[in-house]
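Residue numbers (our numbering): 33 to 155. In what follows, a single structure is set out as structure tokens and then discussed.
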């Protein structure tokens, strides 16, 4: 299984990567991008089974990335989990309407990420 982690914070990418490894994946199972532009480049070059993206990033934010993934390219059906500090009801609704499969508000625990990953991978 191949996972794409998208976050402008290298610390957050490392934390998410560590949690993914705690869940039984290896370092080879995921790639990282610091914004939506780099993520889109990786998505156009390679196959991913799931995308974990932040909302607030420079160049192309997470919401713009979700809309782009859902409207073009080979990953229109790829599950997307948004991991963000944006925890308001309107933000959650906006992200879901854009096409995310699930939503996690930072800070989060490994258990929360596992539960959300299990949820989208079962569907």
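Virtual Cβ for every residue (Gly too), placed ideally from N, Cα, C.
Please return the same chain residues whose Cβ sits closer than 6 Å to the Cβ of residue i, not counting the five positions on each side in sequence.
| i | result |
| --- | --- |
| residue 107 | 75, 101 |
| residue 81 | 33, 34 |
| residue 119 | 137 |
| residue 53 | none |
DSSP beta-bridge partners for residue i?
| i | result |
| --- | --- |
| residue 65 | 38 |
| residue 136 | 115 |
Compute the Euclidean distance between the alpha carbons of residue i and residue j, then round it to the nearest angstrom.
| i | j | result |
| --- | --- | --- |
| residue 86 | residue 124 | 13 Å |
| residue 141 | residue 77 | 31 Å |
| residue 73 | residue 143 | 30 Å |
| residue 99 | residue 115 | 16 Å |
Excluding the five sequence neighbours on either side, which residues of its own chain have a C-beta within less than 8 Å of the C-beta of residue i, listed in chain order?
| i | result |
| --- | --- |
| residue 128 | 135 |
Who are the Cβ neighbours of residue i in its own chain at under 7 Å, not counting the five residues just before and after it?
| i | result |
| --- | --- |
| residue 148 | 113, 134, 136 |
| residue 139 | none |
| residue 105 | 75, 76 |
Check the C-beta distance from residue i over to residue j and give it rounded, since I have them as a contact under 8 Å.
| i | j | result |
| --- | --- | --- |
| residue 38 | residue 84 | 7 Å |
| residue 89 | residue 67 | 5 Å |
(request) Go through the region 49–133 residue by residue and report every complete run of the alpha helix (DSSP H) that reaches 4 residues or more, in order. (result) The region 49–133 contains these whole alpha helix (DSSP H) runs: 68–77, 94–103, 121–130.
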